[in-house]
Each structure stands twice: as structure tokens, then as C-alpha cells.
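In my numbering, the protein residues as written are 4 to 597.
Glycine included, C-beta positions come from ideal geometry on N, C-alpha and C.
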């Protein structure tokens, strides 16, 4: 654990390094001091013994060897040393032998009158010997003064203990000092590490306290500047990313980016929904994160051609335009993926088809009356027939066709205003039972002429709604006119008005041939006629149901249709009652418009 702490802590590393260096220096210094002290003691002892030898030499030369030996015995006790005198040298064979064993340089020093000190060590003893050559009556002698180093052992031991104690005190002091120094040196580095960890977690507010101007201080200032610049850069990138995310999320078109393997790296919600639907349809898997097989082919084409491509395809009955462009690496030469825009053009295609159908239908509806008017007008100009009755018939036909075109144009204008929301309703309280009676009376004569039984069933209490009386009458008129025109003789058209909770309900049912199921979603479109042959020659413009539906929707209600071939058709209109008309009521039902 200590090893891990030292390996992971710069403070511990610095402290351990400084302490190791100081301990090493102090140990080396203590060893050198001990050696120096030993040498010093040896030299001092050698000089002291040399003085003793000089004294003995003087006594020998002045008083003789016998007197010198007696003094030497007393000096031995005082100096705690051994003094031997050999005059002449042959008087002591051991000293004579030692003299002969001396190296030439030592013998030359002795012959020159200089004392020679020799230190001899063994396993048990450590002795200092001082040799002094003496001349008495032209005879050479030798004086030896020996002393054991153990005599000074207590002093040497005390000195060694002092050195060791000083070394230990120095180690302890330098250990604390090293810790303080390492903490001060490593504090900026520790702060840098802490701030760097916070930056890694996304917090760029941390800063380093810089108190010095050295290299570490300059590094801290540079680190603070780097952190500030990085914070501003990350904030700018986050803002751009958020803006891009909001832009992509607000797009109705799907935007998706992938790598070369087809794995999705970026996509907005519309793209994810469409890709998931396509992947489920093509592979049966609901997993997301990759392109469907059909788009993999487009991706391979983009990579192969290295240029954008545009394709229009069908996905689940929807017209999709796919624009795919390659994405490049930072150097701009190698393709790293692609970005595609998935645009749903179903509504555009539908509107384009409706525009074409509208032009064709208007042209068709106008061509017939215009052709008839042209023919009859040319006949009148050519003064065809002299019979005033015949001329009146031609003029009446021209008038009827003119009125038909006028109704067509008025219906188109009304429908355009209703769909654009620019049509203003004259709202007031309308009693639907009396309105239904009025429209019923208006169609009784026409129903009798066609042999159709027209019945009205209304509740006894008043059914009041907030609406435009003229427009509601137009709705009921269109529904009854449509039912009478498509109901054969001996058929039945029934009108029913009643209350349904907070809504009023009007039902118009007939026993006509009915509407095929596949035509039901299209009956609310302009100029749509389920059976062109059946309605040929009738006065309808093909806009009545479209106008009726828009009027009902403007009143906050809804209109639905139920029909079966050979059984008849029933239109149901629901409108909020007057007391509930202040709020918005959404009556949901099958409107038949898909």
C-alpha cells in the first residue's frame, strides 16, 4: 500500500528523494568525520608520544640510559604507555630486529634524527608506536614509546556518539524540511492535476493559485490561460451543437449522418421515425442505429461515384425524395461517411395531383356549358327558326347554362374562402328543427316529381346551436339535393334532427345505390363524383359535399358518412349546442376522408 502511495503521489516522491539524498549525505559526512577524528586522535597521540620520546632521548644523552629508564618507568605510569630503551641497539634483539625490518625511507628518517610513528592494528589491539634513534658515546640506540589506542576509546566513543546523534537529528530535521519543501514544490502540480480532473468531468471553472514567478508559476499561469480558453471554446461548441440540435429537431425533413458501414452517427427525430419504419418493413427488425438495406445501396453508390445523388422512392405508401452527399475527413480527400436528407413529398405530390385534377375538372365543367352556349348562340345569330317559342327555349338553355357556371364559380369562391379561413360566419342562435322543416318544405315538390318519399323526424324540444343560419341551411340543402338526385323512384329520403348530449345531430339517409367503399375517402374532394355516368346531366357541380364539410368544420362540428352499395347512404352532422358553443368541441368520428 505504501508502495502504491509513493508511486501515485508526487509529494511522496519528492519527499523520499530529498530525504534519501540528505540521509546519504549525512551518512557519508558522519563516516568522513569519524575517519577525520580517528586520524586527528592518532596524530595527536603520535605527537604526544613523540614528545615523550624526545624527553627520554634527552635524559639518555645527558644522564645516561640507566637514569632514563628509571624516569621512563614513571612516565609509563603517567602516560599509560610502554617505553623501551635499547642503548646500544644490540642490547634489545627485538628492537634491533624491528629496526632492520623498517623500510629504507623510515630508516632514513630515523637516521636523520626524526621520530617515526607507526600504527599497527590487529584483531584485538590498535597500537601507536613512536621510534626515536639516539646516539650515546657514538653508539646508536633506539627508544620506543608504545600506547594502546584503547586508552582513548572513551573519548572516541563519545565523539562517535555525538556524530551519530547529530546525524540522526539532522535526518529528522531534514525529513520535516523535505516534506515542507516537497509540499510547496508540488502544490501547483497537485492543483493542476485537480483542475485537470475537474476539466475532464466538464467543469472548467477551476483555477491554480500562482504565488511564484519561477517555471512552476509560469506553468500555472499558462494552465489557467489554457483552461479559460478551453472553457470559452467548449461553451461556443456547446452553443453551436445546441443550435444545430434545435435546428435539426425543428425540421420536418429527416436528416441523418452515417459512417461508411451505414451506422447512424447523427439523426433528427423525423429521420429516426422514417428509418425505423423502413427498417421494420424491409427486414422485420425494429432495431435502430443503422440504415435500411435500400439506403445501403444508395450509400454504396455515393461512395463509388464520390458525388451527391438524388432519388425519389416509395416508403410505406409515402413519396420520399432522398438527397445523399458524401462526408470527407478533415483533409478533405477521404470519404468518412454520408449525410442524407429525407424529404416527404407526399403532400406536394397530392397537391400537384389535386391541382391537375382541379384544372381538368374545371375545364370539363366549363367546357360543356360553354359549348352549349356557343352552339345555341350561333343558332340564334344565324336566325335559326322563326318560331318565338323555339327561340325562347334556346335563350332559356343559354340562361340555365350561364346560371350553372355562375353557381360553379360561386361555389369555388366559397370553398376557397372556407379552406383559407377567410370566410366570416354571421353567428346567431339557430333553431335546427324549424330550419329542417323549412328545407323539407322546399324539397317536397321536387321529391314528389321524382317519386321519392321525403320524411322528416324531429324531436319535440328546441335544438338551438350558435351558427350561421344561411350556411347551415346550405349544408342541409346540399345533403338533401344530393340524396334526391341519387335516390331512384319509390325510394326513401329521411331527415332526422335530435339532441345528443351537448351536440345537435342531423341525419340525412337515403335508399339509393350507395357509395363504393373504395370511394368513401374521396367524396369530400372537389368535383369528385362516384359514378360519372349516373350524375351526367344533373345540376351538381361536384363541390357540394366539400363546401358542406368546410361549413360544418367552421361551426366546430363534424360530418361523417356511412354507405354500402345497394343499401343507401347516411350523412350525419354534429354541431355543439348553443350553451356549449363558447368552448371548442371536437366530435371525433369517421369522416370518410381517410
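Where does the unbroken alpha helix (DSSP H) through residue 481 begin, and where does it stop?
By one-based count along the chain shown, residue 481 stands at place 478. Counting along the chain, the alpha helix (DSSP H) containing residue 481 begins and ends at 472-488.
Quick one: is residue 123 buried, meaning 16 or more other Cβ sit within 10 Å of its Cβ, or exposed?
Walking along the chain shown from the start, residue 123 turns up at place 120. So residue 123 counts as exposed.
Complete beta strand (DSSP E) runs within the stretch 201-285 (minimum length 3 residues, chain order)
257-262 and 267-270
Is residue 184 near residue 17, with beta carbons less than 9 Å apart?
By 1-based counting over the chain shown, the position of residue 184 is 181. By 1-based counting over the chain shown, the position of residue 17 is 14. In this structure, residue 17 lies closer than 9 Å to residue 184 by Cβ.
Looking at the unbroken beta strand (DSSP E) that takes in residue 123, where does it start and where does it end?
In the chain shown, the residue the question calls residue 123 occupies position 120. For residue 123, the enclosing beta strand (DSSP E) begins and ends at 119-124.
Rounded to whole angstroms, what is the Cα-Cα separation between residue 326 and residue 313?
Position 323 of the chain shown, counted from the start, is the residue given in the question as residue 326. Position 310 of the chain shown, counted from the start, is the residue given in the question as residue 313. Residue 326 and residue 313: Cα-Cα distance of roughly 4 Å.
The alpha helix (DSSP H) spanning residue 452 covers which residue range?
Here the question's residue 452 lines up with position 449 in the chain shown. Note, residue 452: alpha helix (DSSP H), 435-453.
If we count the other Cβ atoms within 10 Å of its Cβ and call it buried at 16 or more, is residue 42 buried or exposed?
Translated into positions along the chain shown, residue 42 becomes position 39. Classification of residue 42: exposed, given that the 10 Å Cβ count is below 16.
CB of residue 487 within 9 Å of CB of residue 439, strictly:
Numbered from 1 along the chain shown, position 484 holds the residue referred to as residue 487. Numbered from 1 along the chain shown, position 436 holds the residue referred to as residue 439. No, Cβ-Cβ distance for residue 487 and residue 439 is not below 9 Å.
Using the beta-carbon count (16 or more within 10 Å), is residue 527 buried or exposed?
In the chain shown, counting from the first residue as 1, residue 527 sits at position 524. Under this definition residue 527 is a buried residue.
For residue 134, which beta-bridge partners are listed by DSSP?
On the chain shown, residue 134 is found 131 positions in, with the first residue counted as 1. For residue 134, which the question treats as bridged, DSSP gives the partners 119 and 147.
In whole angstroms, what is the alpha-carbon distance linking residue 148 and residue 22?
Reading the chain shown from its first residue, position 145 is the one you call residue 148. Reading the chain shown from its first residue, position 19 is the one you call residue 22. If you take the alpha carbons of residue 148 and residue 22, they lie about 47 Å apart.
Give the straight-line distance between the Cα atoms of residue 74 and residue 59, rounded to the nearest whole angstrom.
As a first step, residue 74 is located in the chain shown; it is residue number 71 there, counting from the start. As a first step, residue 59 is located in the chain shown; it is residue number 56 there, counting from the start. Their Cα atoms are separated by approximately 8 Å.
Can you tell me whether residue 518 is helix, strand or coil according to DSSP?
Here residue 518 refers to the residue found at position 515 of the chain shown. Three-state result, residue 518: coil.
To the nearest angstrom, how far is the alpha carbon of residue 542 from that of residue 407?
Taking the chain shown and counting its residues from 1, the one referred to as residue 542 is at position 539. Taking the chain shown and counting its residues from 1, the one referred to as residue 407 is at position 404. Only weak support is given to the placement of residue 542: the predicted model assigns it a pLDDT of 47, under 50, and the value that follows is read from those uncertain coordinates. Cα to Cα, the separation comes out at about 7 Å.
Nearest-angstrom Cβ-Cβ length linking residue 417 and residue 550, presumed shorter than 8 Å
Indexing the chain shown from 1 puts residue 417 at position 414. Indexing the chain shown from 1 puts residue 550 at position 547. Under the criterion of beta carbons closer than 8 Å, residue 417 and residue 550 qualify as touching, at roughly 6 Å.
Backbone CA spacing between residue 340 and residue 296 [nearest angstrom]:
By 1-based counting over the chain shown, the position of residue 340 is 337. By 1-based counting over the chain shown, the position of residue 296 is 293. Their backbone Cα atoms lie some 16 Å apart in a straight line.
CB contact flag (residue 260, residue 343, <9 Å):
Counting from 1 along the chain shown, the entry for residue 260 is found at position 257. Counting from 1 along the chain shown, the entry for residue 343 is found at position 340. Contact: yes.
Could you name the residues that DSSP lists as bridge partners for residue 340?
Counting from one through the chain shown, the residue named residue 340 turns up at place 337. In DSSP, residue 340 forms a bridge with 262 and 330.
Do you know offhand how far residue 268's Cα is from residue 292's?
As a position in the chain shown, residue 268 is number 265, starting the count at 1. As a position in the chain shown, residue 292 is number 289, starting the count at 1. So the two alpha carbons sit approximately 8 Å from each other.
Report yes if the C-beta distance between residue 88 and residue 71 is below 9 Å; otherwise report no.
Walking along the chain shown from the start, residue 88 turns up at place 85. Walking along the chain shown from the start, residue 71 turns up at place 68. Yes; because the gap between Cβ atoms is below 9 Å, this pair is in contact.
If the criterion is Cβ atoms closer than 9 Å, does the pair residue 461 and residue 436 meet it?
Taking the chain shown and counting its residues from 1, one reaches residue 461 at position 458. Taking the chain shown and counting its residues from 1, one reaches residue 436 at position 433. Yes.
Contact set for residue 270: own chain, Cβ-Cβ below 6 Å, skip 5 residues either direction:
The count along the chain shown starts at 1 and reaches residue 270 at position 267. Once the five neighbours on either side are set aside, the close Cβ partners of residue 270 are 259.
According to DSSP, residue 574 sits in a beta bridge with which residue or residues?
Position 571 of the chain shown, counted from the first residue, corresponds to residue 574. Residue 574 is bridged to 511 and 564.
Residue 431 - partner residues in DSSP beta bridges
Residue 431 sits at position 428 when you count from the first residue of the chain shown. Per DSSP, 470.
Where residue 497 sits in the DSSP three-state scheme
Stepping through the chain shown from its first residue, residue 497 is reached at position 494. In the structure shown, residue 497 falls within a strand segment according to DSSP collapsed to helix, strand and coil.
Use the C-beta contact count for residue 108: other C-beta atoms within 10 angstroms, 16 or more gives buried, fewer gives exposed.
On the chain shown, residue 108 is found 105 positions in, with the first residue counted as 1. Residue 108 should be labelled exposed.
Confirm, please, whether the CB-CB distance from residue 430 to residue 470 is below 9 Å.
For the purposes of this step, residue 470 is taken as the residue at position 467 of the chain shown. For the purposes of this step, residue 430 is taken as the residue at position 427 of the chain shown. Cβ atoms of residue 470 and residue 430: closer than 9 Å.
If you follow the alpha helix (DSSP H) that residue 492 is part of, which residue opens it and which one closes it?
For the purposes of this step, residue 492 is taken as the residue at position 489 of the chain shown. Neither: residue 492 is in no alpha helix (DSSP H) and is coded neither H nor E.
Should the stretch 494-504 be called in touch with the stretch 445-460, which here means at least 3 C-beta pairs below 8 Å?
yes
By DSSP, does residue 315 sit in helix, in strand, or in coil?
The residue given as residue 315 occupies position 312 in the chain shown. It is a strand residue.
Excluding the 5 residues preceding and the 5 following residue 262 in the sequence, name in chain order all residues of the same chain whose CB lies nearer than 8 Å to its CB.
To locate residue 262, count along the chain shown from 1; it is residue 259. Here residue 262 has 268, 339 and 340 as same chain residues with Cβ atoms under 8 Å from its own Cβ, once five neighbours each way along the sequence are excluded.
Below 8 Å, how does it come out for the stretch 244-258 and the stretch 270-281: are there three or more Cβ pairs, yes or no?
yes
From residue 582 to residue 468, what does the alpha carbon distance come to, in whole angstroms?
Your numbering for residue 582 matches position 579 in the chain shown. Your numbering for residue 468 matches position 465 in the chain shown. The alpha-carbon atoms of residue 582 and residue 468 are separated by roughly 8 Å.
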